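In the numbering used here, each number is its position in the sequence shown, counted from 1, plus 86.
The C-beta atom is built at its ideal place from N, Cα and C for all residues, glycine as well.
Treat the numbers as computed from the prediction; the structure is a model and nothing was measured.
Take a look at the structure set out below.
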Amino acid sequence: MNHTSEPPRTRVVVAGGGTAGWIAAAAIVRQLGPLVDVTLVESDEIGTVGVGESTIPTARSFHAFLGIDEAAFVRATQATFKLGIAFENWRQVGDRYFHPFGSVGRSVAIADFQHFWLEAQARGFGGAYGDYSLEQQAAGAGLFGHDEQHSLAYAYHLDATAYARFLRTLAEPWGVRRVEGRIERVERDGKGGNIAALVLASGERIAGDIFIDCTGFRALLTEGALGTGFEDWSEWLSTDRALAVQTETVAPPVPYTRAIAHDAGWRWQIPLQKRTGNGLVYSSAHMSDDEAHATLIGALDGRPLFEPRPLRFRSGMRRKAWNRNCIALGLAAGFIEPLESTSIHLIMNAVIRLIQLFPFRGDDHVALAARFNAQSRHEWEHVRDFIILHYHVTQRDDSPFWRDCARMTIPDSLAERIALFANTAGAWQGQDDLFRIDSWVSVMLGQGVEPRAHHRIARIIKEEELQTSFADLSRGIASTMRALPRHCDFLARYCPADG
Ligand SMILES: Cc1cc2nc3c(=O)[nH]c(=O)nc-3n(C[C@H](O)[C@H](O)[C@H](O)COP(=O)(O)OP(=O)(O)OC[C@H]3O[C@@H](n4cnc5c(N)ncnc54)[C@H](O)[C@@H]3O)c2cc1C
């Protein structure tokens with residue numbers, strides 16, 4: 087067999103140039119280079135969804151995968167650093183807890199940290215669980231830095247429009263061909279029913295071997311042309327509308343996202359270097375659009391830069407992320423409401439998965455698609471469960487929305503997790519699970535699950551030994567904190583926004 091001749095290039099057509107489209111195009115061309123021809127079609131007239139500004143730490147590994155320079159990225163997207171999410175009014179009105187990135191305390195092989203912390207609580211010391219999270223303590227004090235000595239787990243807040251633009255400036259020189267125009271028709275091949283080409287309003291026809299549907303909520307290819315079907319999760323995640331608005335910055339940016347619950351949903355506050363992103367997520371069955379508008383406007387800290395923009399969505403996922411020769415990414419693949427800022431992560435992970443399972447010409451696409459879809463489903467259901475947890479486990483009963491959330495029947499997979507934690511303080515992270523044990527514990531405790539028992543191993547530890555190890559942890563955190571700069575000083579020195 088001759089291995090020296092170049093294999094035929096696979097023609098990849100990316101439909102849509104929002105965050106999903108440019109992430110996909112940039113990553114595929116960067117990783118598969120000479121094996122593919124990548125064309126991206128986007129419509130200036132239609133534009134992008136314009137939200138999606140809070141990320142989780144996996145964005146950093148994705149950037150490393152593409153060889154993206156962090157300081158250049160932060161400057162171009164006026165990004166700030168994020169150490170976690172502050173949840174306000176979730177367990178009860180007036181209550182606040184933090185879901186930090188990174189590890190909390192120190193676990194041992196037999197038992198995770200929460201068991202020792204619960205034992206300390208039972209003996210009357212130990213403080214709050216979050217006292218043992220460096221990220222939470224640094225966030226609360228407005229500190230951030232990263233160098234060899236300080237390895238904080240962090241993510242970014244970014245300007246969504248600038249991010250797509252930034253990825254474009256990388257992807258085009260790497261070889262992506264960009265076509266501007268409106269897709270008017272999706273042409274299917276008569277025999278197999280695969281997508282054959284996109285036909286633009288200009289009449290231009292863009293043929294391909296595989297098509298990546300990044301057309302946002304429209305899902306033009308996977309739903310419009312292929313009728314893939316949508317699995318609706320609104321029985322558990324009933325928020326279905328949002329109002330988004332940017333405001334002038336009135337204070338130095340904090341290194342965390344704020345998620346503030348209200349009577350029928352929650353409100354986000356995402357600080358960038360030069361403005362703040364705000365939005366109100368709500369259930370239209372429990373709050374009118376006028377009430378939502380008034381609630382958002384009444385809560386803003388700074389002057390709005392435009393009228394709030396309405397968005398409609400439904401939580402759920404496409405029945406098959408990969409159907410025939412079409413792979414849906416981003417909002418075209420589905421949406422889990424944005425409480426834990428997971429959408430961009432799901433795009434990045436799906437693109438990595440696609441590159442690993444790439445359907446080159448002549449490959450067994452059916453087997454590749456089956457694997458891709460199984461992994462996607464696991465990932466999405468896991469994220470879905472984690473978000474439902476925030477709504478379902480609450481002591482709020484001050485509005486019909488919260489009473490409905492507390493009463494709903496939840497998926498068995500989540501019920502199992504809650505029962506294990508409530509009965510034994512146990513939590514787990516499966517092999518492909520995004521959320522770590524520390525995340526489940528932070529949110530379970532934060533939302534008000536009080537474990538009835540914890541691992542007995544913690545009970546046989548001598549009081550003095552337990553005290554010493556907690557004191558050591560606190561000392562370690564305090565000493566790192568002393569060396570950390572203020573978040574705003576770090577931004578000003580390392581990566582002030584362009585312009
Ligand atoms: C209220 C809300 C808050 C969110 N917050 C977060 C968050 O904090 N963190 C997070 O990770 N994610 C968040 N998300 C999700 C995030 O916004 C998306 O995952 C991300 O922006 C990707 O969007 P997209 O590229 O799939 O779609 P879009 O940005 O809508 O892009 C669609 C693209 O398709 C093109 N297109 C559509 N139709 C045609 C056509 N006929 N012809 C040519 N081109 C076409 C458009 O022009 C555009 O370029 C949020 C979403 C919502 C709704």
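Extent of the continuous alpha helix (DSSP H) to which V469 belongs: 451-478
Close-in-space but distant-in-sequence residues of the same chain around A337 (CB under 6 Å, 5 per side omitted): none
Heavy atom of ligand 1 within 7 Å of G170 beta-carbon: no
Stretch pair the region 177-187 + the region 473-489: three plus CB contacts closer than 8 Å: yes
Distance cut-off 7 Å: L358 Cβ against heavy atoms of ligand 1: no
Opening and closing residue of the beta strand (DSSP E) in which Q207 lies: Per DSSP, Q207 belongs to no beta strand (DSSP E); it is in the alpha helix (DSSP H), 199-208.
Uninterrupted beta strand (DSSP E) stretches inside the region 133-194 (no shorter than 3 residues): 166-168, 170-174, 182-186
Buried versus exposed, by CB contacts within 10 Å (16 or more), V100: buried
CB of D245 within 8 Å of CB of T333, strictly: no
For A112, the nearest candidate out of F458, F556, R268, R254 (CA to CA): R254
Boundaries of the beta strand (DSSP E) in which T325 is found, first to last residue: Here T325 belongs to no beta strand (DSSP E), and DSSP marks it neither H nor E.
Beta-carbon contacts of S288 that lie in its chain and below 7 Å, excluding the five residues immediately before and after: G267
Nearest neighbour of D502, chosen from R304, A513, I433, G228 [CA to CA]: The amino acid occupying residue 502 in the given sequence is Glu; Asp does not appear at that position. Closest by alpha carbon: A513.
Local conformation of W514 per DSSP, three classes: coil
6 Å CB neighbourhood of V331 in its chain, flanking five on each side removed: N364, P390, P394
Buried/exposed call for V437, threshold 16 Cβ in 10 Å: buried
Counted within 10 angstroms of its Cβ, other Cβ atoms place D233 as buried (16 or more) or exposed: exposed
The alpha helix (DSSP H) enclosing D375, as first and last residue numbers: 375-385
Local conformation of M87 per DSSP, three classes: Residue placement at M87 cannot be trusted, given a pLDDT of 46 that sits under 50; what the coordinates show is reported in the next sentence. Three-state result, M87: coil.
Unbroken alpha helix (DSSP H) run spanning I523, endpoints: 523-533
Option in D498, L220, V137, I154 with minimal Cα separation from R561: L220
Nearest residue (CA-CA) to V124, options E377, R97, W319, R146: R97
Where V265 sits in the DSSP three-state scheme: strand
Through-space distance from R95 to I474, alpha-carbon basis: 43 Å
The region 525-533 touching the region 546-559, judged by at least three CB pairs closer than 8 Å: no
Range of the contiguous beta strand (DSSP E) that encloses Q355: 351-357
Reference E321; option with closest CA among T495, A557, A583: T495
Residue range of the unbroken beta strand (DSSP E) whose run includes E536: First-last for E536: undefined, no H or E at that position.
Alpha-carbon spacing of A197 relative to F556, whole angstroms: 15 Å
Three or more C-beta pairs below 8 Å linking the region 132-142 and the region 446-466: no
Between the CA atoms of D471 and M87 - distance to the nearest angstrom: Because the pLDDT of M87 is 46, which lies under 50, any placement of that residue in the model is unreliable, and the number read from its coordinates should be weighed accordingly. Their Cα atoms are separated by approximately 50 Å.
Nearest-angstrom beta carbon gap, T105 and A250 [assumed within contact, 8 Å]: 6 Å
Near ligand 1: G587 beta-carbon under 7 Å from a heavy atom: The structure shown does not extend to residue 587, since the chain is modelled only from 87 through 585, so no value can be given for it.
For F211, the three-state DSSP class (helix, strand or coil): coil
Which residues DSSP lists as bridging E273, in chain order: A283
Heavy atom of ligand 1 within 7 Å of A328 beta-carbon: yes
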